[in-house]
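Numbering (the working numbering), first residue to last: 229 to 716.
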């Protein structure tokens, strides 16, 4: 297919890639939901309606809404509607799934048999595919580190050449070279993101627990203070950058601590699910099962379990009570699998079989996440020391230029230089390098971990604060020491 130059739309391509990534992120849990709800033997019309209404699979449900409209309003057959709607699926994996489902419906195959086969085939290949992607991810991490370690040499080479040539020309080359290297590092971050395919720990949506809202308001207040810090008068540039890093780091630290508590809830959820499922599978009501669960220690999940039992005791609808439970826990993973479990409870599916399916998917997903975290630690262990070493090296070079400038201005006929060195520009340029590469490195680590935007804030603030303080300390020490040598 030919694409004209006028039809090229970069924003449209980015949106399509983002949409496809979100669909593929939801797809394993959608298959789990399909496989689980099929045990309730619901009709095909109701099944497609449930798919369209599930907000936890927001991107996939949008496509099923189109299918539901085609079937209910335009009187399409389910097979024809699936084939028509697959054109709107930007994910190749989901598109081929819709085509296979359309063929299965056309052949008269039972949907439960179809989803059993699809689920079995997908779960057999999914862990192996993710392991291969993580192996490639480690190689890209090594490549990123190699490129980053050479950036200091590039920046220094440009400035050394500027001593003997035109500074006006070299300023342009320095900015272009630095921007090009930074864009290359951002490209590596995007490639690493495409291999890692991380999922956010916190769900996206309007429903948030009060504690998370407070942390987000504190974060906005801390970030709003950055312009005031930057424009402080009578303070060195490196010190202002370091002070700007502190509120960013504090905001990220508060958020990361909150995310850590959510992860702790995720660790205890399988035990909670196992107990509720084992009791309910024998025909006991959910409320009675929760009464027993309240007396069990589930760590940080205890508070949410007690509130869930209290809501059901007050005769609040089961759907509302479970949704409030998911909101309070504030875990995207728990929201996805808990929605599967509660729908099976309401529709009368095979609870014992479904609970085993959920535990299996939960284990596979968390195992892949832990494997990804190992690579995050590997990259973090390489980048942070390299970043600090780069800041120290830039400070030594800046201190050398400052000392050399003092020596040149006092003895202008010794060296073949036409004018004094622009030490203020060199210092500002190196600090700009520090800030830009702090953003690059924080983005690289965040692209693999992907827990929440608090991770990016914490890493960025940490690198800005530590890097600027190291730069300022080494710069002062190096300039004083070299000045004492040159003036002897």
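Even glycine gets a Cβ: it sits at the ideal position worked out from N, Cα and C.
Quick check on DSSP: helix, strand or coil for residue 429? When secondary structure is reduced to three states using DSSP, residue 429 falls in the coil class, being assigned neither helix nor strand.
Find out if the Cβ-Cβ distance for the pair residue 285, residue 254 is shorter than 7 Å. The beta carbons of residue 285 and residue 254 sit closer together than 7 Å.
Quick one: complete alpha helix (DSSP H) runs, 4+ long, within the region 287 to 343? The qualifying runs are 306 to 313 and 320 to 335.
Locate the alpha helix (DSSP H) running through residue 539, then write down its first and last residues. According to the DSSP assignment, residue 539 belongs to the alpha helix (DSSP H) that extends over 530 to 541.
Can you give me the C-alpha to C-alpha distance between residue 447 and residue 530, rounded to a whole angstrom? 28 Å
When the Cα atoms are used, what is the spatial distance from residue 713 to residue 389? 24 Å
Proximity winner among 654, 693, 669 and 688, relative to residue 386 (alpha-carbon distances): 654
Supposed contact pair residue 688 and residue 483 - C-beta distance, whole angstroms, cut 8 Å: 12 Å between Cβ atoms; not a contact.
Quick one: using the 10 Å Cβ neighbour count with 16 as the cut-off for buried, is residue 393 buried or exposed? exposed
Would you say the beta carbon of residue 561 comes nearer than 6 Å to a heavy atom of the ligand FAD? Ligands in the displayed structure: none, and consequently the ligand FAD is not present.
Buried or exposed: where does residue 302 fall if 16 or more other Cβ atoms within 10 Å of its Cβ makes it buried? exposed
Out of 691, 283, 341 and 492, which one is the CA nearest neighbour of residue 615? Selected option, being the one with the closest Cα: 691.
Three-state secondary structure assigned by DSSP to residue 243: helix
Taking DSSP as the reference, what is the three-state secondary structure of residue 544? coil
With DSSP as the reference, label residue 483 as helix, strand or coil. DSSP, reduced to helix, strand and coil, places residue 483 within a helical segment of the structure shown.
Taking the C-alpha atoms as reference points, what is the distance between residue 207 and residue 493? This structure gives no information on residue 207, because the portion of the chain shown stretches from 229 to 716.
Shortest alpha-carbon distance to residue 403 belongs to which of 661, 538 and 601? Among 661, 538 and 601, the Cα nearest to that of residue 403 belongs to 661.
Which listed residue (538, 511, 320 and 562) has its alpha carbon closest to that of residue 518: 538
CB of residue 247 within 7 Å of CB of residue 318, strictly: Closer than 7 Å, so yes.
If contacts are defined as beta-carbon pairs under 8 Å, then residue 490 and residue 429 qualify, I think. What distance do you get, rounded to the angstrom? 6 Å
Output needed for residue 364: all residues of its chain with C-beta closer than 7 Å, excluding positions within five of it in sequence on either side, in chain order. 423
Return the residue from the list 361, 649, 382 and 578 that minimises the CA-CA distance to residue 507. 578
Three-state secondary structure (DSSP) of residue 254: Under the three-state reduction of DSSP output, residue 254 falls in the helix class.
Going by C-alpha distance, which of 475, 323 and 554 is nearest residue 536? 554
Segment contact flag, the region 252 to 266 with the region 330 to 344, C-beta cutoff 8 Å, min 3 pairs: Contact annotation: the region 252 to 266 touches the region 330 to 344, with at least three C-beta pairs closer than 8 Å.
Segment contact, 8 Å Cβ cut-off, at least three pairs: the region 660 to 678 with the region 593 to 610: The region 660 to 678 and the region 593 to 610 touch, with no fewer than 3 CB-CB distances between them shorter than 8 Å.
Please identify the residue among 552, 618, 465 and 575 whose C-alpha is closest to the C-alpha of residue 381. 618
For residue 671 and residue 216, believed in contact at Cβ under 8 Å, the rounded distance: Because the chain is modelled from 229 through 716, residue 216 falls outside the range shown and cannot be assessed.
Tell me the DSSP secondary structure of residue 490 in three-state form. helix
Go ahead and pull the three-state DSSP assignment for residue 466. DSSP places residue 466 in helix when its eight states are reduced to three.
Is it the case that the Cβ atoms of residue 307 and residue 330 are separated by a distance below 7 Å? yes
Classify residue 242 as buried or exposed, calling it buried when 16 or more other Cβ atoms lie within 10 Å of its own Cβ. exposed
Can the beta-carbon of residue 480 be found closer than 7 Å to that of residue 682? yes
Reducing DSSP to helix, strand and coil, say where residue 436 ends up. coil
Count the other CB atoms within 10 Å of the CB of residue 376; is the residue buried (16 or more) or exposed (fewer)? Residue 376 should be labelled buried.
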